[in-house]
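Take a look at the structure below.
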Amino acid sequence: MHAAEGDADHSGGAGGAPEPLSRPAACRQGSPLMILLVLLLAAALLGCGPPPTPSGESAPGKTSRPAGAPPPAGAPLLAGRAARVGEEPVPLVEIAENHSDAFVRWVLHGVRNRILVHVDGHIDLDWLPPETIESIRAATDEPSLRTLEAHPYDLSARANTGFGIWNFIYPAARTERVREEVWVVPDGALADQAAFDRLRSGLAETLSGVSLDEYRGLRFSGGAVSGSLAGVPVMIVERNRLPRFPEPVLLDIDLDYFTTDSPVDQRVMLAPRLSTDALIESLADRGVATDLATVSYSTVAGYLPYEDRHLGDEISLALRDPQRFRSPAMRRRRQDRMKALAALASGRPAEALRALLALFRQSPKDAPLQVALSDAHRRLGQLREAKACESRARSIDPSAARLDLYRGDVERLGGRNEEALALFRKYMAEHPEDDAAPYASRRVAFCLFDLHRVTEAAAAYRQLLALRPDHADSHFNLAEALAASGDFRAAASEQQQACRLRPFDPYYSWRLGTYFLRAKEPASAEPHLRRAVEGRPASAWSHYNLAICLASQGRFSEALPHAETAAELDPASTGFPVLAEKLREMSLQRSAR
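For what it's worth, the numbering used here labels the leading residue of the sequence shown as 125, then goes sequentially.
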């Protein structure tokens, strides 16, 4: 589901959908809104919103072509050769902060018709409208591509339509640069059938453009998922279930893979749950070969804690110089660092400090290490030493000047909203003129909303919109705050502003229809809910709310198929099948009269 990218919902408030698996532009951060309407006589309204918010490859273990063999026609190697990951130096390795930079690199390198191995805590495959895709297709140089890319801190109109870290793979597929995505999910994400069901439902609710046939066609077998999403062929697999590919692949690694607990709950961990050695060994074991590897930090928006940015150096070394990466000294250093961060994360700061100081003596110019030392000192009450470490980090890496902003996002993603709120406010007070200050103010509003201080949140959104009036997601957020205060007509009015700025977004239409429904205006809600079902046909909540809307107008036979579809899409929900059964009874009673 990655978020400064434009999260539209709140993670602790009324009205959202489940947390994004894809980090979409309208990120579902929220603890969603339960809408309870009661059908009297004509219908029994249950709820209108969610509860608080590869082709060309062989089966696992088998291959039809050596990993280093040439790819099929139309997929030329970029450097004339490929390298076996973990065994040979990869010809081209690109590393950047934001993951959407990978798409820019693919375009500039002339990537065509490739299998993408996407190692990430998020799928990054949210839908974009055809007009945006055609604009992206026409952009062939870096300046024109950058004008279409939405930075996570960007709250301008470009954020409404641009590609970003939550959806860049979709345009890569639609412009024939990627023909299939193999998403390598964190360990445990596909542990069993129940885990697959949770992941599939989450994808259906957070990705637009997924058809019913695609939802029904997703297959879970041998620990791997296969099918397509929004027209893009996909395989979803844990690292130890990777197939042997018949050709060199594009390798794409987001470092938040190491710190995302689950692609469903999106919790960010301070200590990496997996070593870089384990990932590289898995890729090497499956014979993965590549000519181009892209790596992203994703510290912006909080997906990779700053303390873990050393993982970028480790992965880069593994790809560029695997022999040195495997040396006993380098391996021992990685192990020591992982143990130190584990001690810090598990509440043993004194132990962590001893280990980190030993590492510091070897690498005094390591900014992430300085920040980890700062954490350990702070937890021990040694504030002067903590500040000194942060100062050294900033002198080594100027981007560490935004450390409070990064930390605020990590705290927010962990549900620690009081701590996050203090960090965002501190950042705004100390950096009022920074380009990221509007982003920080939006995060303040998020935290207020999640703390159920909805009046303050609404005021904060209004203040932000006075500065950034064309940012659709902030209008969306203000509508949520108004709905949480019970003013559904005002929420609908504000959501109309959001829809004007993002008219193509079916999730926006769903929210607008829901607010009209809560305002007891089902006729006004209906066209928007129909648009939501059309654009998100695999969303149980879209069908459910349309069923509620139709039933509230006495149109039981029209409502029934949507209630039945909702029950099929989310069989674990008790409300969906109850509504379907009630509508069957009412339809029969009416036909018997």
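Cβ coordinates follow ideal geometry from the N, Cα and C atoms, glycine included. From a predicted model like this one, the values you see are computed outputs, not experimental measurements.
Going by DSSP, what residues sit across from residue i in a beta bridge?
{"i": "A417", "result": "V217, L375"}
{"i": "G210", "result": "DSSP lists no partner for G210."}
{"i": "I247", "result": "Paired residues: none, contrary to the question."}
{"i": "T384", "result": "V392"}
{"i": "E273", "result": "F287"}
{"i": "E362", "result": "V309"}
Is it buried or exposed for residue i, if we count other Cβ within 10 angstroms and need 16 for buried?
{"i": "A68", "result": "The displayed coordinates of the chain run from 125 to 717. Any statement about residue 68 would go beyond what the structure contains."}
{"i": "R526", "result": "buried"}
{"i": "T689", "result": "buried"}
{"i": "P452", "result": "exposed"}
{"i": "K489", "result": "exposed"}
{"i": "D597", "result": "buried"}
{"i": "Q447", "result": "exposed"}
{"i": "G210", "result": "buried"}
{"i": "Q390", "result": "buried"}
{"i": "K82", "result": "The question about residue 82 has no answer here: the residues shown for the chain are numbered 125 through 717."}
{"i": "E300", "result": "exposed"}
{"i": "T698", "result": "exposed"}
{"i": "E542", "result": "exposed"}
{"i": "E554", "result": "exposed"}
{"i": "D376", "result": "buried"}
{"i": "R410", "result": "buried"}
{"i": "Q713", "result": "exposed"}
{"i": "E288", "result": "Reading off the sequence, residue 288 comes out as Gly, not Glu. Buried, since its Cβ has 16 or more Cβ neighbours within 10 Å."}
Grouping DSSP H, G and I as helix and E and B as strand, with all else coil, what is residue i?
{"i": "M462", "result": "helix"}
{"i": "M710", "result": "helix"}
{"i": "G136", "result": "Confidence is the limiting factor: at G136 the pLDDT is only 32, short of 50, which leaves the residue's position unreliable, though a coordinate-based value still follows. It is coil, neither helix nor strand."}
{"i": "S609", "result": "coil"}
{"i": "F287", "result": "strand"}
{"i": "E688", "result": "helix"}
{"i": "A348", "result": "strand"}
{"i": "V241", "result": "strand"}
{"i": "T566", "result": "Per the sequence shown, the amino acid found at residue 566 is Arg instead of Thr. R566 falls in the helix class under three-state DSSP."}
{"i": "P357", "result": "strand"}
{"i": "R261", "result": "helix"}
{"i": "R472", "result": "coil"}
{"i": "S155", "result": "Note that S155 scores 34 on pLDDT, short of 50, meaning its location in the model is unreliable and no value can be drawn from it."}
{"i": "D368", "result": "First, the residue type needs correcting, since residue 368 is Arg and not Asp in the sequence shown. Residue state, collapsed to three classes: coil."}
{"i": "P701", "result": "helix"}
{"i": "R147", "result": "Any reading at R147 is ruled out, since the residue's pLDDT is 35, under 50, leaving its predicted position unreliable."}
{"i": "E405", "result": "helix"}
{"i": "A557", "result": "The amino acid occupying residue 557 in the given sequence is Glu; Ala does not appear at that position. E557 falls in the coil class under three-state DSSP."}
{"i": "R526", "result": "helix"}
{"i": "R518", "result": "helix"}
{"i": "A696", "result": "coil"}
{"i": "G532", "result": "helix"}
Taking residue i as the reference, which of the options has the closest Cα?
{"i": "M462", "options": "T400, N601, P646", "result": "T400"}
{"i": "D533", "options": "A525, D490, L547", "result": "L547"}
{"i": "E514", "options": "R503, D521, S498", "result": "S498"}
{"i": "L240", "options": "E304, P215, R298, L379", "result": "E304"}
{"i": "D761", "options": "H223, H555, P522", "result": "Absent from the structure is residue 761, since the part of the chain shown begins at 125 and ends at 717."}
{"i": "R282", "options": "A603, D594, P646", "result": "D594"}
{"i": "A510", "options": "L493, P452, P522, D521", "result": "L493"}
{"i": "A413", "options": "A203, V702, R717", "result": "A203"}
{"i": "L684", "options": "I672, D694, P695", "result": "I672"}
{"i": "A328", "options": "E255, V306, D250, R397", "result": "D250"}
{"i": "F227", "options": "P446, A417, P310", "result": "A417"}
{"i": "L529", "options": "L670, V217, V424", "result": "V424"}
{"i": "I219", "options": "P372, L201, D311, R444", "result": "R444"}
{"i": "S663", "options": "E580, L465, S633", "result": "S633"}
{"i": "G312", "options": "V231, Q486, W290, R397", "result": "R397"}
{"i": "M454", "options": "R363, A467, E438, L465", "result": "E438"}
{"i": "I520", "options": "L366, E475, A491", "result": "A491"}
{"i": "R708", "options": "Q486, R679, A262", "result": "R679"}
{"i": "L537", "options": "L342, L314, V392, E557", "result": "V392"}
{"i": "S280", "options": "V243, E650, D380, R566", "result": "R566"}
{"i": "D432", "options": "R324, A466, L625, A262", "result": "A466"}
From what residue to what residue does the beta strand (DSSP E) around residue i run?
{"i": "W307", "result": "302-309"}
I'd like the span of the alpha helix (DSSP H) that includes residue i, first residue to last.
{"i": "V495", "result": "491-503"}
{"i": "L443", "result": "434-444"}
{"i": "G637", "result": "630-642"}
{"i": "L588", "result": "578-591"}
{"i": "E658", "result": "646-659"}
{"i": "D337", "result": "336-341"}
{"i": "H667", "result": "664-676"}
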